[in-house]
Amino acid sequence: EMHVLSFSGLFDETMDEIAVKERELGACSYCGVLRRRALNEAAKKVDADRLATGHNLDDMAQSVLLNVMRNDIKRIHAFNPGGHQLGEYVRRVKPLCEVPEKETSYYAFINNLEFQSLPCPYADEAMRTDARRFINQMEHKRPGTKFTMYQTGLKLKSQSTPTGIINKCRICGAPTTREVCRSCELSKSQVL
Numbered sequence: 010e011m012h013v014l015s016f017s018g019l020f021d022e023t024m025d026e027i028a029v030k031e032r033e034l035g036a037c038s039y040c041g042v043l044r045r046r047a048l049n050e051a052a053k054k055v056d057a058d059r060l061a062t063g064h065n066l067d068d069m070a071q072s073v074l075l076n077v078m079r080n081d082i083k084r085i086h087a088f089n090p091g092g093h094q095l096g097e098y099v100r101r102v103k104p105l106c107e108v109p110e111k112e113t114s115y116y117a118f119i120n121n122l123e124f125q126s127l128p129c130p131y132a133d134e135a136m137r138t139d140a141r142r143f144i145n146q147m148e149h150k151r152p153g154t155k156f157t158m159y160q161t162g163l164k165l166k167s168q169s170t171p172t173g174i175i176n177k178c179r180i181c182g183a184p185t186t187r188e189v190c191r192s193c194e195l196s197k198s199q200v201l
């Protein structure tokens, strides 16, 4: 049984409509926040106790590099492929976290599974695109770089201390470490 939720159904606008507006943040910032909210709403709708995402080794290595580049201690602590419970959010797990993106694409291709092969039209705005290019170049020159980055993320996480207390957003009630969750904060900025 498939359940489909859309940005327009949940947030009254498509990502394309959000992206064309004048905004202070990149499209990826809005998409990431809203996508996480949509995934959680879908998981709650079917009473799921876990939400498996398709994050692969490439995604994990990119996240480590981005978190280090941004000096984002909170996200380094949250680096947990086995998932972590965040208030009332459904626990997210990443079963493909050690599988390279090429292998997941190859598996889908040889098994005639549909998959997204075109890049996001807004990807060039994102710092992640630069991280992806850099890590792919390093992997080509020094095989094993992606797995080493992933292992570094696990090591940094094990040596970090949890930050922030989980509260409920005073506007929508979603779990957050802030007074107002990021979704509501973005909505207030008049972009949504």
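Under my numbering, the first residue of the sequence shown carries the number 10, and numbering increases by one thereafter.
For glycine and all other residues, C-beta sits at the position ideal for the given N, C-alpha and C.
If you're wondering where the values come from, they're calculated on a predicted model, not measured in any experiment.
Determine the closest residue to residue i out of the options, with distance taken between C-alpha atoms.
{"i": "Asn65", "options": "Glu112, Ala140 and Thr157", "result": "Glu112"}
{"i": "His149", "options": "Tyr131, Thr170 and Asp67", "result": "Asp67"}
{"i": "Met11", "options": "Thr23, Val55 and Ala87", "result": "Val55"}
{"i": "Tyr159", "options": "Asn76, Glu97, Val29 and Cys37", "result": "Asn76"}
{"i": "Phe143", "options": "Glu22, Met78 and Gly63", "result": "Met78"}
{"i": "Ser169", "options": "Asn80, Pro130 and Gln146", "result": "Asn80"}
State the beta-bridge partners of residue i as determined by DSSP.
{"i": "Pro184", "result": "Lys177"}
{"i": "Leu127", "result": "BP columns for Leu127 are empty, so no partner."}
{"i": "Arg100", "result": "Arg59"}
Would you call residue i buried or exposed, if buried means 16 or more other Cβ atoms sit within 10 Å of its Cβ?
{"i": "Tyr39", "result": "buried"}
{"i": "Cys193", "result": "buried"}
{"i": "Cys181", "result": "exposed"}
{"i": "Phe20", "result": "buried"}
{"i": "Asn121", "result": "exposed"}
{"i": "Leu60", "result": "buried"}
{"i": "Ile27", "result": "buried"}
{"i": "Glu33", "result": "exposed"}
{"i": "Glu188", "result": "exposed"}
{"i": "Arg191", "result": "buried"}
{"i": "Glu97", "result": "exposed"}
{"i": "Asp127", "result": "The residue you asked about is not Asp; residue 127 is Leu in the sequence shown. By the 10 Å Cβ count, Leu127 comes out exposed."}
Taking 9 angstroms as the cut-off, decide whether the C-beta atoms of residue i and residue j are in contact.
{"i": "Leu14", "j": "Ala51", "result": "yes"}
{"i": "Glu134", "j": "Gly35", "result": "yes"}
{"i": "Arg141", "j": "Gln71", "result": "yes"}
{"i": "Pro90", "j": "Val102", "result": "yes"}
{"i": "Gly162", "j": "Ile82", "result": "no"}
{"i": "Arg46", "j": "Ala183", "result": "yes"}
{"i": "Met3", "j": "Lys155", "result": "Since the displayed the chain opens at 10 and closes at 201, residue 3 lies outside it and no answer follows."}
{"i": "Phe88", "j": "Lys30", "result": "no"}
Since I believe residue j is in contact with residue i (beta carbons under 8 angstroms), could you give me their beta-carbon distance rounded to a whole number of angstroms?
{"i": "Asn49", "j": "Val99", "result": "6 angstroms"}
{"i": "Phe124", "j": "Ala117", "result": "4 angstroms"}
{"i": "Arg232", "j": "Cys37", "result": "Summary: the structure shown does not reach residue 232, with the chain confined to residues 10 through 201, and so no result is reported for it."}
{"i": "Ile174", "j": "Thr186", "result": "7 angstroms"}
{"i": "Gly63", "j": "Leu105", "result": "6 angstroms"}
Is there a Cβ of chain C sitting closer than 9 angstroms to that of residue i, yes or no?
{"i": "Ile144", "result": "Absent from the structure is chain C; it holds one protein chain and no more."}
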